[in-house]
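See below for the structure under consideration.
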Amino acid sequence: MLDLVGQLPRKGKARILCVGAHCDDIEIGCAGALQALLRTQAGVRVDWVVLSGSARRRREAQDSMRRLIGPRQRGALEFGEFPDGCFPAHYGEIKAFFEAQKARPAPDLIFCHERADRHQDHRIVNEMVWNTFRDHLVLEYEVPKWDGSAFEPNVYVPISGAQLGRKVAHLRAAYPSQRGRDWFTAETFKGLARLRGVECRASSGYAEAFCVRKARLIAL
Numbered sequence: 002m003l004d005l006v007g008q009l010p011r012k013g014k015a016r017i018l019c020v021g022a023h024c025d026d027i028e029i030g031c032a033g034a035l036q037a038l039l040r041t042q043a044g045v046r047v048d049w050v051v052l053s054g055s056a057r058r059r060r061e062a063q064d065s066m067r068r069l070i071g072p073r074q075r076g077a078l079e080f081g082e083f084p085d086g087c088f089p090a091h092y093g094e095i096k097a098f099f100e101a102q103k104a105r106p107a108p109d110l111i112f113c114h115e116r117a118d119r120h121q122d123h124r125i126v127n128e129m130v131w132n133t134f135r136d137h138l139v140l141e142y143e144v145p146k147w148d149g150s151a152f153e154p155n156v157y158v159p160i161s162g163a164q165l166g167r168k169v170a171h172l173r174a175a176y177p178s179q180r181g182r183d184w185f186t187a188e189t190f191k192g193l194a195r196l197r198g199v200e201c202r203a204s205s206g207y208a209e210a211f212c213v214r215k216a217r218l219i220a221l
């Protein structure tokens, strides 16, 4: 298996944009990878965009970002006003919302939902990211759900057992409103990370998985 290590810009210029349909999607999909990136890329700034959420869940998301991203690496957190589960009915407004994102500093790396996700809100977010950002590296993350998925990852980020433990503890602590959901459990998140670790033979046994649809390889 070939390891490809991307090089983000140095001297504090690198920016990561994380996009989620709902308030906990980003952390579920890429909290482990973010930990690994922020540990090795001290100058990175991380911006979050979340398209929906009640007042309570927004407070949880704000607390979650503060817990996960240190003050020197923490960028902006922006919320949309779109109703959960109804994104297709607000297609035009969501497109305008994404077009407005072009005014923010250009990201070097984007995390968003994967294209094959069966949740309608997640699919719309993926489509809008690709319509809006056409010269960027996009890592599409997965979110486990009742609907299942046709997700076929082709990029893996190995994470340590400690990083996985922090991710699981973080999700449980930051989002108490979700603890009653039957899928929102430590076993779900650990089991998925273990499966992805098997698929990429991570030395730790754990990984997060992503899909990269377009990337350029430059000979050094």
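Residue numbering for the sequence shown follows my numbering, starting at 2 and increasing by one per position.
For every residue, glycine included, the Cβ atom is placed at its ideal position computed from N, Cα and C.
Keep in mind that this is a model prediction, so the values were computed, not measured.
Considering only the alpha carbon of each residue, which of H114, A107, D136 lies closest to G76?
A107
Ordered along the chain, which non-local residues of its own chain (more than five positions away) have a Cβ less than 6 Å from that of F190?
Taking C-beta separations shorter than 6 Å and ignoring five residues to either side along the sequence, the partners of F190 in its chain run V169, following chain order.
Compare the C-alpha of R116 against each of D122, A56, N127, L110 and name the closest.
N127
First through last residue of the beta strand (DSSP E) which encompasses Y157:
Y157 -> beta strand (DSSP E) spans 156–160.
Give me the residue from L138, Q102, C87, E153 with the minimum Cα distance to D118.
Minimum Cα-Cα distance from D118 among the listed residues L138, Q102, C87, E153 corresponds to E153.
Can you tell me whether E82 is helix, strand or coil according to DSSP?
coil
Which first and last residues belong to the alpha helix (DSSP H) in which W131 is found?
121–133
Below 8 Å between beta carbons: does that hold for F112 and G30?
yes
May I ask which residues mark the beginning and end of the alpha helix (DSSP H) holding E200?
187–201
What are the partner residues of R16, as DSSP defines its beta bridges?
R46
Answer yes or no: do D26 and R105 have a C-beta to C-beta separation smaller than 8 Å?
Not closer than 8 Å, so no.
Would you check if the distance between the CB atom of H137 and the CB atom of R68 is smaller than 8 Å?
no
Between Q63, G181, S150, L110, which has its C-alpha nearest R124's C-alpha?
S150
Per DSSP, which one or two residues make a beta bridge with A210?
Y157
According to DSSP, which residues form a beta bridge with D118?
S150
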